[in-house]
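To start, the structure under review is shown below, and the notes come after it.
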Ligand code: AMP
Ligand code: MN
Ligand code: MN
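Structure below.
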């Protein structure tokens with residue numbers, strides 16, 4: 048990633064408004080929540096009103112504590128104030144849940160880093176080369192002002208959740224590390240951030256990780272698949288959504304080019320996460336299935352059963368995996384233990 052400049056019209060949108068609704072995507076993650084909180088903090092420091100909005104649910108353990116700062120609807124006061132909207136980390140308007148319709152009449156700035164999606168909003172600051180939306184928010188704040196320590200901590204948290212604590216970055220990422228260095232100088236603590244994202248898991252959650260690993264199977268050469276049922280969640284004292292530990296362990300399996308993880312949801316249906324090595328564009332696959340994301344991390348919702356999604360993935364994923372890079376066994380009986 049080379050340096051990203053903040054366009055003047057983006058800076059003007061944020062510096063001239065007096066009231067903002069700051070919107071993120073449904074099933075928010077650390078990048079989304081941190082970007083919203085840091086941008087709202089900056090706007091308030093400038094004297095503007097800012098209203099944090101998200102349909103939630105805040106069921107990833109690392110963001111659960113922030114849920115009560117967000118409203119699931121657009122407050123009437125914001126509409127009365129003729130607020131402008133800033134939509135963060137959303138590749139489509141649908142990703143905001145019901146909020147998309149509610150803000151349709153407001154002037155809208157989109158700040159995002161997804162590589163796919165459908166364009167919406169009046170002004171778009173979308174940079175797929177940025178590893179997180181938090182980085183874009185950092186650059187916006189830094190253009191005008193110093194970061195507060197609390198904003199730096201939030202932005203570090205956002206950066207680390209979307210980069211898997213920097214492990215998805217490569218030798219083109221010097222500018223990202225330079226920006227992260229500025230966060231540390233402003234008060235962010237890498238060790239505390241790591242602990243926040245990866246520590247403090249319940250024992251039951253670790254047992255669930257064991258079951259997810261136990262169920263992993265080769266759906267095709269190079270394609271590892273596992274799942275979680277609604278019943279798996281009964282024993283958990285905390286909500287479970289973020290599964291970075293699982294992806295880290297399965298992606299590290301020799302021959303695994305794609306990792307697919309299907310979660311049965313309480314609402315019926317399933318949600319599916321895809322992770323890949325550089326050779327496979329899972330963002331394109333998720334897009335075909337009605338979702339989206341990035342080249343190496345993507346997801347989609349699925350209204351059928353776990354069995355149906357397993358079969359669908361079994362048909363679609365093999366074609367995406369290069370044969371030469373797929374030494375994995377053909378069936379689970381011969382898979383490594
Ligand atoms: P996840 O697997 O939920 O951590 O999501 C990985 C990436 O895929 C993130 O960038 C998400 O924004 C994106 N993503 C996940 N689910 C969906 C969906 N249903 N529609 C669009 N993008 C999604
Ligand atoms: Mn996100
Ligand atoms: Mn993001």
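In the numbering used here, the protein residues as written are 48 to 384.
Virtual Cβ for every residue (Gly too), placed ideally from N, Cα, C.
From a predicted model like this one, the values you see are computed outputs, not experimental measurements.
| task | Report back the beta-carbon spacing between residue 206 and residue 219 to the nearest angstrom; my notes put them in contact at under 8 Å. | result | Your numbering for residue 206 matches position 159 in the chain shown. Your numbering for residue 219 matches position 172 in the chain shown. A Cβ-Cβ separation of about 16 Å leaves residue 206 out of contact with residue 219 under the 8 Å criterion.
| request: Please list, following the chain, all residues that have a C-beta closer than 5 Å to any non-hydrogen atom of ligand 1. | output: Going along the chain, the residues that qualify are 320, 338, 339, 340, 344, 345, 346, 347, 348.
| message | Which of the three DSSP states is assigned to residue 348 in this structure? | response | In the chain shown, counting from the first residue as 1, residue 348 sits at position 301. Three-state DSSP puts residue 348 in a strand.
| field | Simplified DSSP state of residue 357, which is helix, strand or coil | value | On the chain shown, position 310 is the one that residue 357 refers to. Residue 357 falls in the helix class under three-state DSSP.
| From residue 185 to residue 354, what does the alpha carbon distance come to, in whole angstroms? | Residue numbering aside, residue 185 sits at position 138 when the chain shown is read from its first letter. Residue numbering aside, residue 354 sits at position 307 when the chain shown is read from its first letter. Rounded to whole angstroms, residue 185 to residue 354 spans 43 Å at the Cα level.
| task | Spell out the partners DSSP gives residue 170 in its beta bridges. | result | Residue mapping note: residue 170 aligns to position 123 of the chain shown, counting from 1. 156.
| query | Got a sec, what are the start and stop residues for the beta strand (DSSP E) residue 316 sits in? | reply | Position 269 of the chain shown holds residue 316. Under the DSSP assignment, residue 316 falls in the beta strand (DSSP E) whose first and last residues are 315-323.
| task | Using 10 angstroms around the beta-carbon of residue 241, count the other beta-carbons present and answer buried if the total reaches 16, otherwise exposed. | result | As a first step, residue 241 is located in the chain shown; it is residue number 194 there, counting from the start. Exposed, by the Cβ-count rule.
| task | Pull every residue with its beta-carbon under 5 Å away from any heavy atom of ligand 2, and keep them in chain order. | result | Neighbourhood of ligand 2, defined by CB distance below 5 Å to any of its heavy atoms: 76, 78, 79, 136, in chain order.
| query | Can you tell me whether DSSP reads residue 343 as helix, strand or coil? | reply | Here residue 343 corresponds to residue number 296 of the chain shown, with the count starting at 1. Secondary structure of residue 343 (DSSP, three-state): coil.
| query | Cα separation between residue 94 and residue 340? | reply | Along the chain shown, one-based indexing puts residue 94 at 47. Along the chain shown, one-based indexing puts residue 340 at 293. If I take the Cα positions, the gap works out to 34 Å.
| message | So, under 8 Å CB-CB, residue 320 and residue 351 are touching, yes? Tell me the CB distance rounded to an integer number of Å. | response | What you label residue 320 is simply residue 273 of the chain shown in a count that begins at 1. What you label residue 351 is simply residue 304 of the chain shown in a count that begins at 1. About 16 Å; that fails the 8 Å criterion.
| Taking the beta strand (DSSP E) that residue 134 falls in, what are its first and last residues? | Your numbering for residue 134 matches position 87 in the chain shown. For residue 134, the enclosing beta strand (DSSP E) starts and ends at 131-135.
| Which residue or residues does DSSP assign as beta-bridge partners of residue 99? | Along the chain shown, read from residue 1 onward, the residue named residue 99 stands at position 52. Residue 99 is bridged by DSSP to 69.
| said: Going by DSSP, what residue range makes up the alpha helix (DSSP H) through residue 204? | reply: Numbered from 1 along the chain shown, position 157 holds the residue referred to as residue 204. Residue 204 -> alpha helix (DSSP H) spans 196-209.
| query | Under a three-way DSSP split, which group does residue 305 fall into? | reply | Residue 305 sits at position 258 when you count from the first residue of the chain shown. Looking at residue 305 - three-state DSSP - the assignment turns out to be strand.
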